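> Offset between the sequence shown (1-based) and this note's numbering: plus 1402.
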Amino acid sequence: MNTITQDLFRFFTIFGLSLANAHAATYSLNPTADAYVEVYQPDTNFGSSTRLATNATFGGGAIQNTFLMFDLSAIPAGETITGATLNLYQVTGVGVGLNPVTAYRVGDDSWTESTITWNNQPSAGLFLGSNTDGALYQGWAQWDLFSSGNWNATADQIDGFLSLVLFEGPSGNNARQYCSKESDLSSCSALGATGIPFLEITTIPLPAAAWLFGSGLLGLFGVARRKRVK
1403 MNTITQDLFR FFTIFGLSLA NAHAATYSLN PTADAYVEVY QPDTNFGSST RLATNATFGG
1463 GAIQNTFLMF DLSAIPAGET ITGATLNLYQ VTGVGVGLNP VTAYRVGDDS WTESTITWNN
1523 QPSAGLFLGS NTDGALYQGW AQWDLFSSGN WNATADQIDG FLSLVLFEGP SGNNARQYCS
1583 KESDLSSCSA LGATGIPFLE ITTIPLPAAA WLFGSGLLGL FGVARRKRVK
């Protein structure tokens, strides 16, 4: 094994060990704001409700969309988001089939829980994920926000917030209700604990190995250059 090969072997061994020591972390974030909006009450704010709602006009009911906002500032700047799962406790629902509830990113984070209405709701952006538990399901419902590959998590991490909107559909005739962050044990329980929404995020540190990789390559180039000069 020549000297350059030995150097490469030694470098990538150290690089691999550094990556192995870059442990993943998990964060559980409750929403800083959540509310639903309703088409039949376009100027009414439901931000203080103990329930969130999605409705695709089941039985002639009003279309309802749910908004949630999460503060990502608890995630250190030196960590990269590698996964995100939205968790809502579904209390009740009506309808048939497995009509999905779809989650979209909202690019405008200026909405507030106490003022959002149907008439001023921000527009949906890119599709992030869906849940197909069914309208009659009761329990924790989940949306894998990385499943679509559309979420630029780094941009929202820099911005500090992630806003989402949930739609019943895009087609079908179902309605569902979920616990909101205002829920308590008497109005919305989940296995003995409050069913407050949460976003579970997994991250991995930007490893020191990334710096090691760059400096190691520079060192190897230097070694190769010196040998050529000789």
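Virtual Cβ for every residue (Gly too), placed ideally from N, Cα, C.
Values in this document were obtained by computation on a predicted structure and should not be read as measured data.
Nearest-angstrom Cα distance between residue 1523 and residue 1569?
Here residue 1523 corresponds to residue number 121 of the sequence shown, with the count starting at 1. Here residue 1569 corresponds to residue number 167 of the sequence shown, with the count starting at 1. So the alpha carbons of these two residues sit roughly 13 Å apart.
> To test your reading of the DSSP string, which unbroken alpha helix (DSSP H) runs of 4 or more residues are found completely within the stretch 1500–1536?
none
> Rank 1508, 1494, 1445 and 1511 by C-alpha distance to the C-alpha of residue 1535 and give the top, closest one.
Numbered from 1 along the sequence shown, position 133 holds the residue referred to as residue 1535. Closest option to residue 1535, Cα to Cα, is 1494.
> Identify, in the order they occur along the chain, each residue of the same chain with its Cβ nearer than 6 Å to the Cβ of residue 1567, setting aside the five sequence neighbours on each side.
In the sequence shown, residue 1567 corresponds to position 165, counting from 1. 1467, 1469, 1506, 1508 and 1526, listed in sequence order.
> Quick test of your reading: residue 1607 and residue 1581, contact by CB under 8 Å. State the CB separation rounded to the nearest angstrom.
Stepping through the sequence shown from its first residue, residue 1607 is reached at position 205. Stepping through the sequence shown from its first residue, residue 1581 is reached at position 179. Actually they do not touch by this definition, with Cβ atoms about 33 Å apart.
> Would residue 1521 be called buried (16 or more neighbouring beta carbons within 10 Å of its own) or exposed?
Against the sequence shown, residue 1521 aligns to sequence position 119. Under a 10 Å Cβ-count criterion, residue 1521 is classified as exposed, with fewer than 16 other Cβ atoms of the shown protein chains found around its own Cβ.
> In three-state DSSP terms, what is residue 1473?
Translated into the one-based positions of the sequence shown, residue 1473 becomes position 71. The answer is strand: DSSP assigns residue 1473 an E or B state.
> Within a Cβ cutoff of 7 Å, which residues of the same chain sit near residue 1433, ignoring the five residues on either side of it in sequence?
To locate residue 1433, count along the sequence shown from 1; it is residue 31. Listed in chain order, the non-local C-beta contacts of residue 1433 below 7 Å within the same chain comprise 1470, 1471, 1472, 1583 and 1599, local neighbours out to five positions each way being set aside.
> Going by beta carbon distance, what residues of the same chain come within less than 8 Å of residue 1552, once the five residues before and after it are set aside?
Here residue 1552 refers to the residue found at position 150 of the sequence shown. A distance below 8 Å between beta-carbons, with the five flanking residues on each side excluded, links residue 1552 to the following residues of its chain, in chain order: 1507, 1528, 1529 and 1530.
> So what's residue 1611 in DSSP terms, helix, strand or just coil?
In the sequence shown, the residue the question calls residue 1611 occupies position 209. Residue confidence is low: residue 1611 scores 35 on pLDDT, short of 50, so the model does not pin down where it sits. Its coordinate-derived value is still stated next. It is helical.
> When you compare each of 1450, 1604 and 1479 to residue 1641 by their alpha carbons, which one comes out closest?
The first residue shown for the chain is 1403 and the last is 1632, placing residue 1641 beyond what the model contains.
> Are three or more beta carbon pairs between the stretch 1545–1561 and the stretch 1471–1485 nearer than 8 Å?
yes
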